[in-house]
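Chemist: Order-wise, the sequence lines are chains Z and Y.
Residues 701 to 1082, numbered by this note's numbering, are exactly what the first sequence covers, in order.
Residues 13 to 586, numbered by this note's numbering, are exactly what the second sequence covers, in order.
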Amino acid sequence: MDNLEEENKEKTEEQEANKIEDFPASKSKDFEEPEIDIIDKEGHKEKLEVYEEKEEPIKEEEIIKPKEEKKEPEPSEPKEPFKKRILNFYDKKYKKLMLIPIIMLILAILIIGIQTATTGSFIHKDVSLKGGVTLTITKENQIDILNLEKSLEQKFTNNDISVRSIKKTGTQIGVVVVADIEGTNKEELNSFIDAIESQIGYQLNEEDYSIEIMGSSLGASFFKETIIALVIAFILMSIVVFIYFRTFIPSLAVILSAFSDIIVTLAIVDLAGMKLGTGGIAAFLMLVGYSVDTDMLLTTRLLKRKEGTVFERTISSVKTGMLMSLTTMVALTVGIIFVQSAVIRQIMVIVLIGLFVDIINTWIQNVGILRLYIEKKQTKNE
Amino acid sequence: MNRKIKKIFTNTRVIILLVFLALAIVAIHPNPYKKGVAIRNVITNSSANLAGIQSPKPNIAPMSREAIIAINNKVINNVEDYSNSLKDLKPNITIQIKTNKDTYRLITKEKTEVIELNETELKTIEETVEINETVNGTIITKNKTITKTIEVPKTETISNGTEDIGLRIYDAPKTNIRKGLDLQGGTRVLLQPEEKITKNDMENLIAVMKERLNVYGLSDLIIREAGDLSGNQYILVEIAGATEEEVRNLLAKQGKFEAKIGNGTTFKGGNEITYVCRSADCAGIDPLQGCGSSNNQWFCRFRFSISLSPQAAQRQADLTKDLQIVTEDKQQYLSEKLILFLDDKQVDELRIGAELKGKAETNIQISGSGIGISQQEAAINALQNMKRLQTILITGSLPFKLNIVKTDTISPVLGEEFVRNALFIGLLAVLTVSIIVFIRYRKWQVSIPMVITLISEVIILLGVAALIGWNLDLAAIAGIIIAVGTGVDHKILITDETLKGELRKIFNWKERIKGAFFIIMGAYLTTTFAMIPLIFAGAGLLKGFAIITIIGVSIGVFITRPAYANIIEILLKE
């Protein structure tokens, strides 16, 4: 504790120094309007409440006191101390917190390893990657999906078959049958459609259904292709990040965060038994984009800005970044609830999981690495 | 307040946004009150075709398509009206179809059907057989026509109502946004050549396929080469409004090409045409006759040579030996023409030079001409006609074996539902996001500009898609989602950076906005570069996703987000 406090004092001193450096610069730009500044601040005080309120915990000497004293008065004023304690913990124990993303990444690699060892592939592939048929019946007649699935499974014992329904405001408007039969073989396809027709009790006309057939060889090649695309995308992304920041460790931290996002999300998707299609793999690409957004924000604010302490800047990044993630997550949740297309839903689910993972990777792992990096740099300079 | 509004509308970045918005709306050309049914294609030799209705050109914008607005003076609003008004038509009557461009008179045809009766009859037929004959000690193969009588089932031709008038139609589009297959229904087939073929062969193959599908009046189609990162070759065929069965049949059927003189077949596609010259030394504008002009019109002659098998050459000699020689334009021709048929439909006719009469010539030269108002135009037309003829001649059999590796057939019902669903989710997402943003900032000066610029972003994106004729499918919708998602993220970033600027005591707004755009540019560049590999991967099926994402985020970063930054600057600055 003593050590930390000392470290802290050092840091605030550093920051003070920074501030002094920074101030004349901003002053020199607007040196004519110092008075307007005060009025400005006064006038905005009410409107900026949100900021002011959260700014409080940053005064570090104050934070430490309540933590030691206020164990009993907590019920009377539960909100503030709790919040402060969390913030304090986040500030002081960032090195210990970094264990969470590290353990998470190791576990994820283990899960993917086990998955690969037992099934031969690091994901569960759906028919768009291993070949098969997706038949969507859009007739108004209600179809009992459980019976349909059961009867198809009895007839095609060697195949993997699933049946689900498309719903609109609770009523079934369509049924999707997915099976990994070789649809490019006309006979196999016809016997499959016949089996469905005999179960639902009527003939299907051309307008009544949509059918997507993927040859198994093409599926395999698509799988290879999308993985190659993902790897190239990742490399390109890394190059851009390096060129953009031109510093090794921070750039590496951004890339590591994007990498962990992908790996951990993949492990969760595997654990959930979700079958991935081409759209699903494209979702991982989207994830890279969203992941880099928050990391860029964090790295820029911590390294390129000078105002306030490092922790202040971290907290301001957390606020902006969390709002960014929150809006995306809420929009995705809305989408997942209402969307009818299975492909789009899968993309949304993966990005949503990825954003949760990204919160940990950005605000714990990346913050930790950057703070360590800044400290190292400061001691070096001394 | 008025001063601020004036300031907003005179701001350069806002003006740029408004200009793009206006252009996008012009490109989308929305007209929710548009009624009628648009013509997708016209079946060759159907009553509609005979009355002069033509299939739309493939690249025509959706709103410019010919649409039927009335049949027999009854207003047609949608597909249902259309099918109702044509439900109980009698054969051989005249119906009047009024479109937004013209009025046509159609005569309905009787539909006949040949049925087999339960009895047989004797029929005399002619059959061509190959026989081996010994001439001067060597064995040669010769075709000989023999007459024989066989027993066949007796048939009867019966009338079976009225033949379809031959129009494929769909509800008239209300905007210029092209819906992809996923959203409007149709069939997509991905073909893979059995062996690797050269770039040139691939182009020919695609030209041949286009020619064949056009013969069937299928104009709403896309045929293009698709590749992937591993160097595999594919051909992607997308036909809107066609069923899987139709497309499979068209592609599986060996294209039947026949050249006839009178009633006799001279040569067929496949191995009877051994070579069609398409290189400059034996194909192109005729060097001897070249171009000429008369009556302010230029015409250019083209020629190219083909090689026939000896059998075909012999047949040609047999068929031409009794023809007369006629003189026309100082040229001597035979009295009958060589008529070219593709899948039993006449596609062209050629005059035969008198020198070929009765001669078993295996190397023959085919010539024709093109007309134009200038020499250049005439030459271009001549070469175009030549290319078409060459394509037809090699169409006989597709020169390469193609395997169907993927087919998707999407019913139009499902597509419509997807569009409605996507719009609903989009609106709901914008609504929830704006509520969160309002709760967070409690400033209308932030949330209203954010929602407005967000919607402008989508409109401009759709406008660009309409302008470049991009088909919007599910993959493209996923791209729109990303573009809008990063749009919200970046606007939050701009807002926070500028509001933070007040606390940071940076009074220069330019500095604040610059700070935000440093982060935004970084994120923009990584997203764009991450999308590039997808353009080339996996037969280009995810190309739409990558392209729309890149266009969307570019619009955001260069047009709407700068405008947003300036608007909130003006609104928040005291």
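Even for Gly, the Cβ is constructed at its ideal location relative to N, Cα and C.
1) Counting only beta-carbon atoms, is residue 468/Y nearer than 7 Å to chain Z?
2) Can you list, in chain order, the residues of its chain whose CB lies under 7 Å from that of residue 536/Y, leaving out five sequence neighbours each side?
3) Taking the straight line between their C-alpha atoms, what separation do you get for residue 1021/Z and residue 530/Y?
4) Residue 961/Z and residue 1057/Z - do their beta-carbons sit closer together than 7 Å?
5) Name the one or two DSSP bridge partners that residue 353/Y has.
6) What are the residues in the region 899–916 of chain Z lying within 8 Å of chain Y by C-beta distance?
7) When you compare each of 324/Y, 385/Y, 340/Y and 388/Y to residue 372/Y by their alpha carbons, which one comes out closest?
8) Mind checking whether residue 359/Y and residue 318/Y have CB atoms under 7 Å apart?
9) Would you kindly work out how many angstroms separate the C-alpha atoms of residue 122/Y and residue 905/Z, rounded to a whole number?
10) In whole angstroms, give me the CA-to-CA distance for residue 1063/Z and residue 1008/Z.
11) Compare the C-beta of residue 986/Z against all C-beta atoms of chain Y and say whether one is closer than 7 Å.
12) What separation, rounded to the nearest whole angstrom, lies between the Cα atoms of residue 799/Z and residue 1051/Z?
13) Going along the region 517–542 of chain Y in order, which residues come within less than 9 Å of chain Z, judged by CB to CB distance?
14) Residue 1035/Z CB to nearest chain Y CB: under 7 Å?
15) Taking residue 450/Y as part of the alpha helix (DSSP H), name the residues at either end of that continuous run.
16) Return the chain-ordered ranges of every beta strand (DSSP E) run that is complete within the region 826–907 of chain Z and spans a minimum of 3 residues.
17) Just the C-alpha distance for residue 834/Z and residue 878/Z, rounded to the nearest angstrom, thanks.
18) To the nearest angstrom, how far is the alpha carbon of residue 828/Z from that of residue 880/Z?
19) Looking at residue 349/Y and residue 361/Y, is the spacing between their C-beta atoms short of 7 Å?
20) Would residue 872/Z count as contacting chain Y if we go by Cβ distances under 7 Å?
21) Between the C-alpha atoms of residue 1031/Z and residue 441/Y, what's the straight-line distance to the nearest angstrom?
22) Taking buried to mean at least 16 other C-beta atoms within 10 Å of its own C-beta, is residue 909/Z buried or exposed?
23) From residue 1018/Z to residue 817/Z, what distance separates their C-alpha atoms?
24) Considering only residues of the same chain and omitting the five flanking positions on each side of residue 802/Z, which have a CB-CB separation below 8 Å?
25) Identify which residue in 75/Y, 394/Y, 186/Y and 417/Y has its Cα closest to the Cα of residue 922/Z.
26) How many Å lie between residue 94/Y and residue 930/Z at the Cα?
27) Taking the CB atoms as reference points, tell me whether residue 557/Y and residue 487/Y lie closer together than 7 Å.
28) Give the DSSP-derived three-state secondary structure of residue 45/Y in the structure shown.
29) Quick one: grab the DSSP three-state call for residue 587/Y.
30) Please name the residue, chosen from 201/Y, 279/Y and 233/Y, that lies closest to residue 248/Y on a Cα-to-Cα basis.
31) Could you please tell me which residues of the region 875–898 of chain Z, in chain order, have their CB closer than 9 Å to any CB of chain Y?
32) Which of helix, strand or coil does DSSP assign to residue 481/Y?
33) Can the beta-carbon of residue 581/Y be found closer than 7 Å to that of residue 521/Y?
34) Got a sec? Which residues, its chain only, sit under 8 Å from residue 947/Z by beta carbon, not counting five neighbours each side?
35) Answer with yes or no whether the minimum CB distance from residue 993/Z to chain Y is below 7 Å.
36) Between the Cα of residue 91/Y and those of 424/Y, 62/Y and 308/Y, spot the shortest distance and give me the residue it belongs to.
Modeler: Reading it off the structure:
1) no
2) 565 and 569
3) For residue 1021/Z and residue 530/Y, the distance between alpha carbons rounds to 15 Å.
4) It is a contact, given that the beta carbons lie within the stated cut-off.
5) 270/Y and 358/Y
6) 906, 907, 908, 909, 910, 911, 912, 913, 914 and 915
7) 324/Y
8) No, these two residues do not count as a Cβ contact at 7 Å.
9) 25 Å
10) 18 Å
11) yes
12) Distance between the alpha carbons of residue 799/Z and residue 1051/Z is about 24 Å.
13) Cβ contacts with chain Z come from 517, 518, 519, 520, 523, 527, 530, 531, 532, 533, 534, 535, 537, 538, 539, 540, 541 and 542.
14) yes
15) 424–453
16) 832–837, 861–868 and 871–879
17) 4 Å
18) 9 Å
19) Contact flag set, yes.
20) no
21) 5 Å
22) It is buried - the Cβ of residue 909/Z has at least 16 other Cβ atoms within 10 Å.
23) 39 Å
24) 1065
25) 417/Y
26) Distance between the alpha carbons of residue 94/Y and residue 930/Z: 48 Å.
27) yes
28) coil
29) The structure shown does not extend to residue 587/Y, since chain Y spans only 13 to 586, so no value can be given for it.
30) 201/Y
31) 883, 884 and 886
32) coil
33) yes
34) 1003
35) yes
36) 424/Y
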